[in-house]
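Asks: Quick note, the sequences are listed as chains R and Z, same order. When we follow the numbering used here, the leftmost residue of the first sequence carries the number 88, and every step to the right adds one. When we follow the numbering used here, the leftmost residue of the second sequence carries the number 3, and every step to the right adds one. The beta-carbon is built from N, C-alpha and C at its ideal position, and this holds for glycine as well. The structure under discussion is supplied below as structure tokens; questions concerning it will follow.
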Amino acid sequence: MSALELSSRSRLDSRRARARATFGQLLRSASFDVGAVIVVFWIVDAIFWHALVPQDPQALNPLAALQGPTAAHWFGTDWLGRDVFSRTLAGSTSVLEIAPLATLLGIAGGTVVGLVTGYYGGAVDALVMRLVDAFLAFPLVIIAVLVLSLLGTSEITVIVLIGVIFTPVVSRTVRSVVLVERDKEYVASARLRGEGDWYIMTAEILPNVTTPIIVESTVRLGYAIFTAATLSFLSLGIQQPSPDWGLTISLGRQYLQIAPWIVLFPAVALATLVVAVNLVADSIQQVMAQ
Amino acid sequence: MLTYLSKRLLLALVTLVLVSFIVFLASDVLPGDVGRTILGNFATQAQVHALDVKLGLDHPLLDRYWIWVSHFVRGNWGTSYTLQVPVFGLVMRHFLNSLILGAFALVLIVPISITFGVLAATHHDRPLDRVISVTGMSMLALPEFVTGIVVLVVFSIVVHWFPVSSSVPVFSLPSIVRNLFLPALPEMVLIFGYVSRMARAGTVEALNAGYTRTAVLKGLPRHRVMMRHVLRNSLLPTITVVAVQAGYLVGSLIVVETIFNYPGIGNLIYTAATNHDQPVLQAAVFLVALVYTLSNLAADLLYAVFNPRVRLAS
């Protein structure tokens with residue numbers, strides 16, 4: 088075995104050891120454990136809800152409409168007599184489809200923009216960052232309301248929209264770390280070797296900025312769930328008859344005074360998911376910062 | 003200071019021009035056929051064209067942008083398509099209502115948030131800190147409509163303390179509290195999350211700083227160290243956040259005002275967007291972005307005034 092192979096292998100080993108240490112540290116954090124258990128619960132539920140629900144979440148039963156919690160309907164029934172418990176379990180799917188895909192899109196777009204502007208700097212960087220500033224002057228939900236009300240809505244539109252809105256935010260984070268990396272010696276030596284710009288950006292700089300990108304992804308995921316649910320609530324996201332939590336809360340609002348359980352359970356479900364994702368994100372951020 | 007000031011002002015100006023262009027493009031290009039949207043499917047092509055001419059939609063894009071901006075600056079914001087009233091008065095009235103709601107929330111919650119943030123910092127890494135930090139973070143994470151709904155169920159349905167739908171209060175304390183407390187609660191939850199977190203971070207940093215150690219070793223009494231050395235430095239970033247929050251709040255108002263039926267700018271934007279009321283939408287969204295940019299600017303300037311390091315570095 089040559090010396091070079093040996094050194095690259097030991098580097099890999101040390102990287103693995105570090106990853107294992109980081110993960111161990113995460114597991115010891117109580118807020119990470121609680122958050123992770125809840126997130127995993129909802130992910131399992133989003134995939135296997137068919138096997139978990141006691142009743143078909145779409146089954147209508149007008150004669151049993153607006154009933155409070157009973158042994159037959161643990162969370163009561165909604166205005167069409169559908170089982171709120173089953174609908175709450177089935178309602179996690181849409182948000183857990185939209186949010187991760189939107190996050191992925193925003194992270195990918197933001198990483199590309201951040202790498203390019205941070206690496207090249209100069210006029211393009213200045214222009215793009217001014218545009219980012221201008222873009223960030225709009226509250227996220229307002230951009231979404233503006234665009235969706237004009238373009239119409241679908242699951243794909245919501246995913247793309249949230250991804251696009253996230254791109255400038257992510258690009259700013261990535262750019263700031265690339266700015267630090269690009270002046271380091273390994274980049275200079277890659278340049279001396281005659282590597283192309285694209286190679287330096289993707290193969291040299293990118294692996295060194297993964298930590299802030301991972302932290303940003305977890306934080307963004309929380310925001311994506313927040314935004315997707317809010318758009319459903321404003322009836323600009325998922326449409327009927329989906330058991331989506333945001334949509335259910337929006338539609339059930341008019342029965343609030345006579346049947347508060349219709350909105351209360353999806354609201355609690357959503358609250359546990361968002362808080363759990365943020366607990367995980369926060370713990371990862373703290374461990375990575377060390 | 004003067005160079006910093008002029009540099010920062012120029013930057014804000016560039017941002018504002020870009021912002022105005024984005025608003026214009028979004029509301030002008032995206033809706034497609036405005037005349038057709040307003041008149042519906044049964045209008046003839048000639049009628050649609052006549053309306054387009056009347057609304058000035060037959061001019062080139064840059065001309066329309068220039069006309070819009072020059073009118074906007076003079077307060078001539080056009081007429082609402084659906085309500086047939088001048089946009090300026092409409093938007094300003096709703097904006098003022100939101101301002102009242104936001105101010106009410108800020109005044110109530112900012113002192114409490116700062117207190118808890120500082121308390122968490124002085125108990126750094128102890129149980130009290132954990133409780134405050136996790137509570138603050140959860141409050142920040144919750145969508146406004148979730149807190150709004152829970153608040154509504156608890157306060158106006160379980161116990162009948164507050165009305166389900168809020169209106170603008172007349173100028174008396176009971177009326178203000180009655181109408182504003184519920185819609186302000188979800189906002190307060192959000193602000194508490196931000197402000198307490200910033201106050202905690204700033205205070206932890208100041209507590210670990212060399213000047214604090216010097217002050218303690220000098221034998222100064224604890225409260226004096228806190229007031230004159232720690233808080234003076236730690237509340238700086240908090241001031242910035244509160245100022246930036248003022249702009250951010252406007253965004254969350256869309257949801258809160260819809261839930262509580264409060265006639266503010268968020269409610270107006272949502273209605274205008276669903277009704278394709280382009281002049282109202284343009285003006286209201288631009289106003290929101292304007293407020294956001296200006297409050298950002300104000301935050302930066304405040305920061306510079308309080309912090310000589312920023313002021314003198316440039």
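For residue 256/R, decide whether its Cβ has a neighbour in chain Z, counting only Cβ atoms nearer than 8 angstroms.
Replies: Locating residue 256/R in the first sequence gives position 169, where the first residue counts as 1. No, because no Cβ of chain Z sits closer than 8 angstroms to the Cβ of residue 256/R.
Asks: Roughly how many angstroms separate the alpha carbons of residue 235/Z and residue 241/Z, rounded to a whole number?
Replies: Within the second sequence, numbered from 1, the residue matching residue 235/Z stands at position 233. Within the second sequence, numbered from 1, the residue matching residue 241/Z stands at position 239. Cα-Cα distance, rounded: 11 angstroms.
Asks: How many angstroms separate the CA atom of residue 49/Z from the CA atom of residue 193/Z?
Replies: If you number the second sequence from 1, residue 49/Z lands on position 47. If you number the second sequence from 1, residue 193/Z lands on position 191. About 50 angstroms.
Asks: Just the C-alpha distance for residue 136/R and residue 363/R, rounded to the nearest angstrom, thanks.
Replies: If you number the first sequence from 1, residue 136/R lands on position 49. If you number the first sequence from 1, residue 363/R lands on position 276. Rounded to the nearest angstrom, the two C-alpha atoms are 19 angstroms apart.
Asks: At 7 angstroms on the CB atoms, spell out the chain R contacts of residue 266/Z, in chain order.
Replies: For the purposes of this step, residue 266/Z is taken as residue 264 along the second sequence, with counting starting at 1. Simply none; closest approach about 13 angstroms.
Asks: Hey, does residue 316/Z have any beta-carbon neighbour from chain R nearer than 8 angstroms?
Replies: Within the second sequence, residue 316/Z is the residue found at index 314, counting from 1. Low confidence applies here, because residue 316/Z scores a pLDDT of 49, under 50, leaving its location unreliable; read the following figure in that light. No - not a single Cβ of chain R is within 8 angstroms of the one on residue 316/Z.
Asks: Can you tell me which residues form a DSSP beta bridge with residue 88/Z?
Replies: If you number the second sequence from 1, residue 88/Z lands on position 86. Its beta-bridge partners are 81/Z.
Asks: Where residue 116/Z and residue 238/R are concerned, what is the direct C-alpha to C-alpha distance, given to the nearest angstrom?
Replies: Stepping through the second sequence from its first residue, residue 116/Z is reached at position 114. Stepping through the first sequence from its first residue, residue 238/R is reached at position 151. About 42 angstroms.
Asks: Tell me the rounded alpha-carbon separation between residue 130/Z and residue 118/R.
Replies: As a first step, residue 130/Z must be located in the second sequence, where it is residue number 128. As a first step, residue 118/R must be located in the first sequence, where it is residue number 31. Distance between the alpha carbons of residue 130/Z and residue 118/R: 15 angstroms.
Asks: Between the C-alpha atoms of residue 242/R and residue 323/R, what's the straight-line distance to the nearest angstrom?
Replies: Taking the first sequence and counting its residues from 1, one reaches residue 242/R at position 155. Taking the first sequence and counting its residues from 1, one reaches residue 323/R at position 236. Those two C-alpha atoms are separated by around 10 angstroms.
Asks: Could you tell me if residue 272/R is buried or exposed, where buried requires 16 or more neighbouring beta carbons within 10 angstroms of its beta carbon?
Replies: Position 185 of the first sequence holds residue 272/R. Exposed, since its Cβ has fewer than 16 Cβ neighbours within 10 Å.
Asks: In whole angstroms, what is the alpha-carbon distance linking residue 262/R and residue 328/R?
Replies: Translated into positions along the first sequence, residue 262/R becomes position 175. Translated into positions along the first sequence, residue 328/R becomes position 241. Their Cα atoms are separated by approximately 42 angstroms.
Asks: At what residues does the alpha helix (DSSP H) containing residue 175/R begin and finish?
Replies: Within the first sequence, residue 175/R is the residue found at index 88, counting from 1. Note, residue 175/R: alpha helix (DSSP H), 171 to 177.
Asks: Give me the Cβ distance between residue 99/Z and residue 265/Z, rounded to the nearest whole Å; I'm assuming they're in contact under 8 angstroms.
Replies: Mapped onto the second sequence, residue 99/Z falls at position 97. Mapped onto the second sequence, residue 265/Z falls at position 263. Yes, residue 99/Z and residue 265/Z are in contact; Cβ-Cβ is about 5 angstroms, under 8 angstroms.
Asks: With distances taken Cα to Cα, identify the nearest neighbour of residue 244/Z among 28/Z, 112/Z, 7/Z.
Replies: Translated into the one-based positions of the second sequence, residue 244/Z becomes position 242. Of the listed residues, the one whose Cα sits closest to residue 244/Z is 112/Z.
Asks: Taking the alpha-carbon of residue 236/R as reference, which of 178/Z, 51/Z, 215/Z, 273/Z has the nearest alpha-carbon?
Replies: Locating residue 236/R in the first sequence gives position 149, where the first residue counts as 1. The option with the nearest alpha carbon to residue 236/R is 273/Z.
Asks: Roughly how many angstroms lie between the CA atoms of residue 7/Z and residue 55/Z, to the nearest whole one?
Replies: Position 5 of the second sequence, counted from the start, is the residue given in the question as residue 7/Z. Position 53 of the second sequence, counted from the start, is the residue given in the question as residue 55/Z. C-alpha separation (whole angstroms): 44 angstroms.
Asks: Output yes if chain R places a C-beta closer than 8 angstroms to the C-beta of residue 138/Z; else output no.
Replies: Here residue 138/Z refers to the residue found at position 136 of the second sequence. Closer than 8 angstroms: no.
Asks: Starting from the Cα of residue 334/R, find the closest Cα among 351/R, 216/R, 345/R and give me that residue.
Replies: In the first sequence, counting from the first residue as 1, residue 334/R sits at position 247. If we check each option's Cα against that of residue 334/R, 351/R comes out closest.
Asks: Any beta carbon from chain Z within less than 8 angstroms of residue 118/R's own beta carbon?
Replies: In the first sequence, residue 118/R corresponds to position 31, counting from 1. Cβ-Cβ to chain Z under 8 angstroms: yes for residue 118/R.
Asks: Identify each residue in the stretch 215 to 239 of chain Z for which the Cβ-Cβ distance to at least one residue of chain R is less than 9 angstroms, and report them in chain order.
Replies: Result list empty, no residue passes.
Asks: Assign residue 109/R to one of three DSSP states: helix, strand, or coil.
Replies: Numbered from 1 along the first sequence, position 22 holds the residue referred to as residue 109/R. DSSP places residue 109/R in helix when its eight states are reduced to three.
Asks: Start and end of the alpha helix (DSSP H) containing residue 231/R?
Replies: Locating residue 231/R in the first sequence gives position 144, counting from the first residue. Residues 227 to 238.
Asks: The alpha helix (DSSP H) spanning residue 332/R covers which residue range?
Replies: Against the first sequence, residue 332/R aligns to sequence position 245. Element bounds for residue 332/R: 332 to 339.
Asks: Grab me the residues of residue 1/Z's own chain with a C-beta within less than 6 angstroms of its C-beta, minus the 5 sequence neighbours each way, in chain order.
Replies: Coverage of chain Z is limited to positions 3 through 316, which leaves residue 1/Z absent and any answer about it impossible.
Asks: DSSP state of residue 149/Z, grouped into three classes?
Replies: Along the second sequence, read from residue 1 onward, the residue named residue 149/Z stands at position 147. Three-state result, residue 149/Z: helix.
Asks: Helix, strand or coil for residue 164/R per DSSP?
Replies: Start at 1 with the first residue of the first sequence, and residue 164/R comes out as number 77. In the structure shown, residue 164/R sits in a strand (DSSP, three-state: E or B).
Asks: Under 8 angstroms, Cβ to Cβ, is there at least one residue of chain R near residue 57/Z?
Replies: Counting from 1 along the second sequence, the entry for residue 57/Z is found at position 55. Output row for residue 57/Z: interface = no.
Asks: When the Cα atoms are used, what is the spatial distance from residue 175/Z to residue 154/Z?
Replies: For the purposes of this step, residue 175/Z is identified with residue 173 of the second sequence, where counting begins at 1. For the purposes of this step, residue 154/Z is identified with residue 152 of the second sequence, where counting begins at 1. Taking the straight line joining both Cα atoms gives about 21 angstroms.
Asks: Residue 294/R touches chain Z at which residues, Cβ-Cβ below 8 angstroms?
Replies: By 1-based counting over the first sequence, the position of residue 294/R is 207. Near residue 294/R there are no residues of chain Z at all, since even the closest Cβ is about 30 angstroms away, more than 8 angstroms.
Asks: I want to see whether chain R comes within less than 8 angstroms of residue 143/Z, judged by CB atoms only; does it?
Replies: Along the second sequence, one-based indexing puts residue 143/Z at 141. Judged by the 8 angstroms Cβ criterion, residue 143/Z is in contact with chain R.
Asks: For the stretch 179 to 233 of chain R, list the beta strand (DSSP E) runs that are entirely contained and at least 3 residues long, ordered along the chain.
Replies: If we require 3 residues or more, the stretch 179 to 233 of chain R turns out to have no beta strand (DSSP E) run fully inside it.
Asks: For residue 147/Z, go through chain R and note every residue whose CB falls closer than 7 angstroms to its CB, in chain order.
Replies: Within the second sequence, the letter at position 145 stands for residue 147/Z. What residue 147/Z touches in chain R: 317, 320, 336.
Asks: In angstroms with no decimal places, state the Cα-to-Cα distance between residue 366/R and residue 306/R.
Replies: Start at 1 with the first residue of the first sequence, and residue 366/R comes out as number 279. Start at 1 with the first residue of the first sequence, and residue 306/R comes out as number 219. When rounded, the distance between both Cα atoms is 10 angstroms.
Asks: Check whether the stretch 277 to 292 of chain R and the stretch 204 to 214 of chain R are in contact - that is, three or more C-beta pairs closer than 8 angstroms.
Replies: A contact exists between the stretch 277 to 292 of chain R and the stretch 204 to 214 of chain R.
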